[in-house]
Amino acid sequence: MTDTLADHAFTLAGEAAIADADGVLVLPDHGVLVVSDLHFEKGSSYGMGGQMLPPYDTRTTLRRLAAAIARHRPRTVIALGDSFHDRLADRRMDGADVERLADLVDGVGRWVWIEGNHDPAPPPQFGGEVRHTLELGGLVLRHEPTEGAAPGEIAGHLHPCAKVRGKGRAVRARCFATDGERLIMPAFGAFTGGLNVCDPAFERCFGAVPGVLVMGRARVYPVAAKSCVPDRS
Amino acid sequence: MPTAPAAKPAAITLPERFADWFAARGWQARRHQIDMVAAARAGEDALLIAPTGGGKTLGGFLPSLIDLAEQTDGAGKTRPYRLHTLYISPLKALSVDVARNLMIPVEEMGLDLRIETRTGDTSTAKRQRQRAHPPDILLTTPEQLALFCATANAEAFFRDLRRIIIDEIHAIAPQKRGDLLSLDLATISQWAPQASRAGLSATVADEGGLARWLVTQPAGDDRFARIVRGEAGARPQVEILDPADRIPWAGHSGRHALGDVYERIKAAKMALVFVNTRSQAELTFQELWARNDANLPIALHHGSLSPEQRRKVEKAMAEGRLKAVVCTSTLDLGINWGDVDLVIQMGAPKGSSRLIQRLGRSNHRLDAPSRALLAPTNRFEHLECQAAREAVAENALDGEPLAAGSLDVLAQHIMGRGCGDGFEAEALFDEIRSAAPYAQLDRETFDRVLDFTATGGYALNTYERFRRLVKRKDGRWLARTPQIAQRYRMNVGTIVEAPMLDVVVSGRGRGGHRLGQIEEWFVEQLVPGDTFIFAGQVLRFVGIEEMSARVTRAADADPKIPSYQGGKFPLSTYLAGRVRDIVQNPDHWGALSVQVRDWLQLQAERSRLPDADGLLVETFPRAARHYMVCYPFEGRLAHQTLGMLLTRRLERLGMRPMGFVANEYAVAVWGLRDLAGLDFDALFNEDMMGDDLDAWLAESQLMKRTFRNCAVIAGLIERRFPGQEKSGRQITFSTDLIYDVLREHEPDHVLLRAAWQDAAAGLLDIRRLGEALTRVKGRISHVGLDRISPLAVPVMLEIGKEPVYGEGHDSILEDAADDLIAEALRLD
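Chains as they are written, first to last, in UniProt numbering: chain W, 1 to 233; chain G, 1 to 828.
Okay, here's the thing in structure tokens:
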């Protein structure tokens with residue numbers, strides 16, 4: 001199924017970029033794949049509190065991530081923060097998943113864990129390097145987006161989602177938020193929710209509701225800000 | 001209350017005080033009331049089936065009153081506090097009403113009894129007092145009982161119980177509430193084995209099923225309650241409105257009939273106007289007032305209105321100040337609100353039992369007939385009303401057979417037992433199997449549900465340390481912490497509401513007046529400035545603030561009305577069969593309106609009539625498309641499932657179907673290719689219920705919605721935490737993700753199994769579709785036409801009004817994306 005995913009190529013602050021329908025960003029000139037907000041072990045963090053959600057979100061997230069890596073064959077993978085849902089996430093992770101993740105990190109040339117608010121210190125056991133920010137040509141990669149203008153910034157944290165209306169119904173799906181100068185990545189983790197791009201948080205970054213690249217079932221759809229509606233309107 | 005002439009002398013005589021009371025009222029105890037006393041004395045459980053107005057409630061309570069009269073005589077104020085009788089009804093309003101009516105004989109006989117209600121509205125102080133000092137008779141609801149069973153020392157509270165009365169038992173038993181109630185009854189019977197049970201109902205289709213449901217089931221055998229029957233009342237008079245205006249081909253507004261309906265209301269003392277959906281109630285109310293030249297007091301009553309609004313209407317009814325009330329099923333059940341002498345049913349009643357129940361709302365007297373007027377809203381409904389009228393004349397009731405108990409409710413109950421005094425697994429398994437819906441439960445399934453309750457029941461054993469239930473050294477299972485038990489108690493119940501928002505009319509300044517609640521999905525369709533009808537007024541949508549929809553009153557005459565969601569109840573299998581019989585046999589057309597007769601006649605000439613055992617399939621071209629219409633008469637839910645399966649199958653055959661639409665009677669599928677040459681026996685083969693169904697279900701939004709309900713009831717998702725409430729939106733979103741992940745890794749998880757069972761019986765009506773496909777096998781008649789047939793018009797008219805299934809998620813995004821491209825390509 002993942003073989004048939006269609007990508008969307010565009011330009012981000014003058015650099016070539018590809019948005020993938022499964023939610024990763026590829027920077028072909030740098031051989032880089034960016035993925036954000038993996039939130040490993042979010043399910044089991046609820047389990048600790050007595051809500052026994054299926055403890056398989058890590059497994060699903062890893063399967064999709066491995067498929068995206070196999071599809072794009074990047075030299076570098078950048079996990080843009082909040083890769084682990086909490087500080088104890090790696091200790092709750094099932095042994096088989098620990099092995100899968102370690103193999104995945106091992107299998108690419110360079111793996112960078114960007115620090116997030118959920119994982120200010122990503123666990124060292126899986127390998128890879130840890131950074132607060134990373135510069136790539138004219139691009140800056142960090143977890144939390146900067147308020148105000150930040151040309152060339154690629155961030156995560158906000159989990160953008162777009163709601164689009166049509167045919168008497170509405171679709172709400174994860175998306176990339178971008179104005180061509182900066183970009184906010186969709187959350188990749190299997191149990192991550194989303195924040196509507198009409199939320200003021202996005203306006204503080206883009207100066208207005210941003211345009212979006214919506215993740216459809218097999219394709220990415222570019223949708224103008226004027227076609228996005230708030231969750232309750 | 002009884003008013004009938006003398007019953008035959010019975011073997012049991014009433015105590016003097018009771019006999020005197022009946023005599024003083026000029027009554028004599030009815031036969032079935034005496035039989036209920038006899039059954040209770042013999043320690044037997046009994047199901048009392050008696051028409052409305054037949055003294056059914058008194059029949060249920062009489063054994064308790066006699067028993068209590070003996071106990072309390074001269075006992076004085078200091079007699080011990082012991083719960084004697086537990087009364088359970090599906091509506092808290094009914095409990096309150098019955099408590100009030102019960103006080104009449106109690107006071108007139110000078111009995112010194114403690115009679116109290118316990119509902120969601122009961123204050124904490126009163127609850128605590130009730131626990132410490134139980135009343136003689138407690139009137140409550142299934143949810144309150146479940147809550148009771150999930151608290152410590154519940155056993156002591158119920159230990160002295162002598163009698164359990166379940167009112168409107170036919171309404172509770174087939175639902176998940178019934179599953180929960182039967183489990184709680186099984187528990188209480190462990191604590192109070194001496195308590196006998198009585199079920200009360202006016203309309204029972206499956207008497208054997210209900211008589212079994214009511215009683216404790218012994219291992220490996222079936223037990224049934226004794227059935228006690230009241231005398232039948234006068235035969236109801238049911239008339240079908242033959243309006244002066246043209247009967248529409250399709251639609252549900254009933255506008256064409258309202259002039260006649262208004263005249264009937266004028267002539268009646270007080271009329272109840274039943275409709276099937278809330279939006280239809282709003283519309284009917286609006287239209288009646290539009291022609292209300294005589295300024296008749298006509299009111300509106302439905303479940304979305306605020307309780308205060310409803311109480312006001314109920315009070316006005318009881319005081320005889322109203323001429324008519326437009327209402328939904330909120331007034332179906334046994335509350336006696338004043339002197340109704342005419343029941344009007346707008347639209348088809350969908351089932352004969354429902355019609356008989358509604359008829360019982362008029363004239364609470366046995367010797368006078370109830371009067372009903374049926375006002376079909378379209379031609380097919382005219383047929384359906386005729387079928388219902390014949391069924392009522394024969395007193396033929398319908399109802400689907402009781403299904404096996406659901407597993408999500410079982411999980412809730414097991415957790416509840418762990419939050420009370422705890423349980424031993426072995427004993428609980430036996431106890432659960434003594435509840436009729438769970439009599440066939442196997443040990444493996446029980447163990448899986450228990451494991452689900454304790455740890456989530458996943459093959460990946462992550463949650464051992466975080467268990468909700470722990471097994472102690474003595475073998476008892478208990479909630480791990482008091483906080484877990486407390487959270488459970490906040491989430492008891494099986495009614496998972498669609499996410500709702502308050503409708504608040506903005507006043508001057510801040511604040512506002514709350515009118516009631518409306519579904520979130522409906523509000524989401526509105527754009528500020530849109531108008532809609534709610535609570536009988538035209539309102540203008542302003543915006544959303546927190547959990548409420550802010551509105552202002554609008555002067556518009558033509559509001560945007562809530563879209564009609566189809567009949568809320570699917571056409572019953574029984575009535576469907578009768579409708580097929582009428583259509584097939586011109587000898588039965590005599591009672592039909594001339595307009596409807598002409599329509600069927602034209603169908604016979606242009607195409608053919610559907611036959612009762614087979615399936616008529618028509619194909620015809622229209623406006624560059626090819627259509628296929630079939631007429632299974634199995635209700636909208638089964639038809640939607642059939643339409644989805646047919647389109648999948650046609651797609652595989654390379655026929656490239658483009659969409660389908662379903663109504664209560666027919667399914668229409670269309671595409672660019674002529675379908676006339678197909679092998680229809682193969683197309684409609686029942687094997688579509690196998691792989692096609694599974695493949696479709698897996699991605700179906702209906703399935704996700706069903707899963708959400710199961711997850712909430714089973715306790716996987718909590719609706720309420722101390723100090724906060726999740727909004728519906730958050731629940732919907734996260735359960736979809738959970739569903740996808742669970743299906744990927746553990747497709748046979750017990751919760752997915754529960755959801756599948758639910759979907760099969762509920763939203764998809766798979767059982768019924770399966771039975772229909774088996775019935776028509778080898779009896780499919782295809783007619784190739786050069787144009788649309790008269791019978792096909794109603795379903796074809798629904799195209800464009802109803803959502804078309806099969807149009808995907810992505811096509812909406814594609815349209816929006818095209819906008820952007822168009823904008824990008826614009827030259828300016």
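The C-beta atom is built at its ideal place from N, Cα and C for all residues, glycine as well.
Residue i to residue j span [Cα, whole Å]
| i | j | result |
| --- | --- | --- |
| residue 362/G | residue 399/G | 22 Å |
| residue 176/W | residue 762/G | 38 Å |
| residue 127/W | residue 19/W | 26 Å |
| residue 624/G | residue 672/G | 7 Å |
| residue 17/G | residue 65/G | 11 Å |
| residue 427/G | residue 186/G | 12 Å |
| residue 149/W | residue 206/W | 7 Å |
| residue 377/G | residue 355/G | 16 Å |
| residue 283/G | residue 533/G | 8 Å |
| residue 349/G | residue 243/G | 18 Å |
| residue 757/G | residue 293/G | 52 Å |
| residue 286/G | residue 21/G | 47 Å |
| residue 453/G | residue 603/G | 57 Å |
| residue 202/G | residue 44/W | 50 Å |
| residue 6/W | residue 85/W | 29 Å |
Closest Cα partner of residue i within the set the options
| i | options | result |
| --- | --- | --- |
| residue 716/G | 51/W, 154/W and 14/W | 51/W |
| residue 689/G | 206/G, 698/G, 157/G and 642/G | 642/G |
| residue 447/G | 457/G, 438/G, 439/G and 601/G | 457/G |
| residue 148/G | 662/G, 421/G, 639/G and 693/G | 421/G |
| residue 193/G | 814/G, 795/G, 45/G and 444/G | 45/G |
| residue 257/G | 359/G, 375/G and 371/G | 375/G |
Other residues of its chain near residue i: CB distance less than 6 Å, five sequence neighbours each side excluded
| i | result |
| --- | --- |
| residue 619/G | 628, 675, 676 and 784 |
| residue 434/G | 186, 216 and 217 |
| residue 204/G | 49, 170 and 210 |
| residue 92/G | 119 and 141 |
Minimum Cβ-Cβ distance from residue i to chain G less than 8 Å
| i | result |
| --- | --- |
| residue 54/W | yes |
| residue 11/W | no |
| residue 138/W | no |
| residue 190/W | yes |
| residue 92/W | yes |
| residue 98/W | no |
Beta-carbon contacts of residue i that lie in its chain and below 8 Å, excluding the five residues immediately before and after
| i | result |
| --- | --- |
| residue 704/G | 735, 736 and 739 |
| residue 613/G | 775, 776 and 779 |
| residue 159/G | 191 and 192 |
Check: residue i C-beta below 7 Å from any heavy atom of the ligand MG
| i | result |
| --- | --- |
| residue 480/G | Annotation note on the ligand MG: not contained in the displayed structure, which lists no ligands. |
Under 9 Å by beta carbon: chain W residues contacting residue i
| i | result |
| --- | --- |
| residue 466/G | 44, 47, 48, 49, 50 and 52 |
| residue 487/G | 50 |
| residue 506/G | Within 9 Å Cβ-Cβ: nothing; residue 506/G doesn't reach chain W, min ~17 Å. |
| residue 734/G | 53, 191 and 193 |
8 Å Cβ cut-off: residues of chain G touching residue i
| i | result |
| --- | --- |
| residue 182/W | Near residue 182/W there are no residues of chain G at all, since even the closest Cβ is about 19 Å away, more than 8 Å. |
Own chain, CB closer than 7 Å to residue i, minus 5 neighbours either side, in chain order
| i | result |
| --- | --- |
| residue 485/G | 419 and 479 |
Partner residues on chain W for residue i, Cβ-Cβ distance less than 7 Å
| i | result |
| --- | --- |
| residue 484/G | 50 |
| residue 814/G | 221 |
| residue 817/G | 221, 222 and 223 |
| residue 89/G | Going along chain W, no residue has its Cβ under 7 Å from residue 89/G, so there is no contact; the nearest lies around 33 Å. |
| residue 737/G | 190 and 191 |
Proximal residues of chain W, C-beta to C-beta of residue i below 8 Å
| i | result |
| --- | --- |
| residue 456/G | 47, 52, 53, 54 and 55 |
Where residue i meets chain G, residues with beta-carbon distance less than 9 Å
| i | result |
| --- | --- |
| residue 83/W | Here the premise fails: no neighbours, minimum Cβ distance about 18 Å. |
| residue 32/W | Correct list: empty, because the minimum Cβ distance to chain G is about 26 Å. |
| residue 59/W | 460, 741, 744 and 745 |
Beta carbon proximity, residue i to chain W, threshold 8 Å
| i | result |
| --- | --- |
| residue 722/G | The predicted model places residue 722/G with a pLDDT of 46, which falls under 50 and marks its position as unreliable, so this point remains unresolved. |
| residue 651/G | no |
| residue 462/G | yes |
| residue 263/G | no |
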